[in-house]
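Participant: Starting off with a structure, shown below.
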Amino acid sequence: MKKVVLNIIVITLLFASQINSQQFSPGSPEWLVDMFFGKSSFPEKPNYYSGEMLNENNEPTIGEELNGEGEIFFHQIKATKDENVFAVEVKLENKIIDFYCYLLKQENVWKINAIRRFLLPHFIYIVRDSLSNLNSLSSNDSTFYLSLKLFTMTDTDLKNLFNNNLNMFQELISDFNKEASDEVDKDLALVGCNAIYIDRKYPGCVFIQILTFENMEAGYIYATESARLPGITANDFIYIDEVVPGWFIFRSI
Numbered sequence: 001m002k003k004v005v006l007n008i009i010v011i012t013l014l015f016a017s018q019i020n021s022q023q024f025s026p027g028s029p030e031w032l033v034d035m036f037f038g039k040s041s042f043p044e045k046p047n048y049y050s051g052e053m054l055n056e057n058n059e060p061t062i063g064e065e066l067n068g069e070g071e072i073f074f075h076q077i078k079a080t081k082d083e084n085v086f087a088v089e090v091k092l093e094n095k096i097i098d099f100y101c102y103l104l105k106q107e108n109v110w111k112i113n114a115i116r117r118f119l120l121p122h123f124i125y126i127v128r129d130s131l132s133n134l135n136s137l138s139s140n141d142s143t144f145y146l147s148l149k150l151f152t153m154t155d156t157d158l159k160n161l162f163n164n165n166l167n168m169f170q171e172l173i174s175d176f177n178k179e180a181s182d183e184v185d186k187d188l189a190l191v192g193c194n195a196i197y198i199d200r201k202y203p204g205c206v207f208i209q210i211l212t213f214e215n216m217e218a219g220y221i222y223a224t225e226s227a228r229l230p231g232i233t234a235n236d237f238i239y240i241d242e243v244v245p246g247w248f249i250f251r252s253i
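For the sequence shown, this note's numbering begins at 1 and goes up steadily by one.
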């Protein structure tokens, strides 16, 4: 009986290994993301580039730069007949880097059209770290420090923070709808955000801004069932991802 059980286990493991090694069909959007970010060699990459990526034909991919180091995780955040967008998390030993990968289907072939990061200037991290080293902060500085922490967080950390404070964000929306400005200011400070507003271009959406720097902005979107969310593109809203039903993280550049 033991021999039979062992044989079944071995066969199961071999089958699982075969599935894992063939989990992405060559040429599929997922395969392209895996090849670009996760593989140490992508020799046919020029055949799978379009748009601005054509200038990267002779440059190493992220996977080639990492050369087998680290781990990657990715998921789809936009899918249409001719366009896919993926959020990609590259996990190194002491660092996590978020990328966004934009693919287009051209003549029935999927190609990588652009890669983006929410790349803040270094001085923002210096200010954040300087504030963290102070023994005491004023109320305003404490709120600003919390906003800086959120502004520089990874996508995963922002999701976790939101889930841990969902009730506070819901209270913020409630007070905003009541036009209770004093309460809204208190709510914003508690969740480390800077502003809450409506954009007429996106009816049904309420934007909760963490911070903004020049054209770069990060925050959350509360969307009603009939809301029209912004479209995800490589040149504006580079990242929109649902956290819980009706709530989204966004980044724009």
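By construction, the Cβ of each residue, glycine as well, lies at the ideal position given by its N, Cα and C atoms.
(1) Quick check: is any heavy atom of the ligand NAP less than 7 Å from the C-beta of N163?
(2) At what residues does the alpha helix (DSSP H) containing F207 begin and finish?
(3) Between L229 and I238, is the Cβ-Cβ spacing less than 8 Å?
(4) For I254, which three-state DSSP category applies?
(5) For L120 and G219, I'd like the C-alpha separation in whole angstroms.
(6) Buried or exposed for T224, going by 16 or more other Cβ atoms inside 10 Å?
(7) For G27, which of F73, K105 and Q76 has the nearest alpha-carbon?
(8) Nearest to S174 by CA position, among V109, V206, D241 and Y202, is which residue?
(9) Using C-beta distances below 7 Å, list every residue in its chain close to P245, excluding the 5 sequence neighbours before and after it, in chain order.
(10) With H, G and I counted as helix, E and B as strand and the rest as coil, what does DSSP make of G246?
(11) Would a C-beta distance cut-off of 8 Å place Y102 and N113 closer than the cut-off?
(12) Just how far apart, CA to CA, sit I240 and Y145?
(13) From N140 to M216, what does the alpha carbon distance come to, in whole angstroms?
Facilitator: With the structure as the only source:
(1) No copy of the ligand NAP appears in this structure; indeed no ligand is present at all.
(2) Residue numbering aside, residue 207 sits at position 207 when the sequence shown is read from its first letter. Not the alpha helix (DSSP H): F207 falls in the beta strand (DSSP E), residues C205 to F213.
(3) The count along the sequence shown starts at 1 and reaches residue 229 at position 229. The count along the sequence shown starts at 1 and reaches residue 238 at position 238. No, the pair does not count as a contact, with Cβ atoms beyond the cut-off.
(4) Residue coverage of the chain in this structure runs from 1 to 253, which leaves residue 254 outside it and unanswerable.
(5) Taking the first residue of the sequence shown as 1, we reach residue 120 at position 120. Taking the first residue of the sequence shown as 1, we reach residue 219 at position 219. Their Cα atoms are separated by approximately 14 Å.
(6) For the purposes of this step, residue 224 is identified with residue 224 of the sequence shown, where counting begins at 1. Exposed, by the Cβ-count rule.
(7) The residue given as residue 27 occupies position 27 in the sequence shown. The closest CA to that of G27, considering only F73, K105 and Q76, is found on K105.
(8) By one-based count along the sequence shown, residue 174 stands at place 174. Nearest C-alpha to S174: V206.
(9) Along the sequence shown, read from residue 1 onward, the residue named residue 245 stands at position 245. Closer than 7 Å at the Cβ level, and outside the excluded window around P245, lies no residue.
(10) Working through the sequence shown from its first residue, we reach residue 246 at position 246. Coil.
(11) As a first step, residue 102 is located in the sequence shown; it is residue number 102 there, counting from the start. As a first step, residue 113 is located in the sequence shown; it is residue number 113 there, counting from the start. One thing to note: Y102 has its Cβ within 8 Å of the Cβ of N113.
(12) Counting from 1 along the sequence shown, the entry for residue 240 is found at position 240. Counting from 1 along the sequence shown, the entry for residue 145 is found at position 145. A direct Cα-Cα distance of roughly 24 Å separates I240 from Y145.
(13) Stepping through the sequence shown from its first residue, residue 140 is reached at position 140. Stepping through the sequence shown from its first residue, residue 216 is reached at position 216. Computed Cα separation, rounded: 22 Å.
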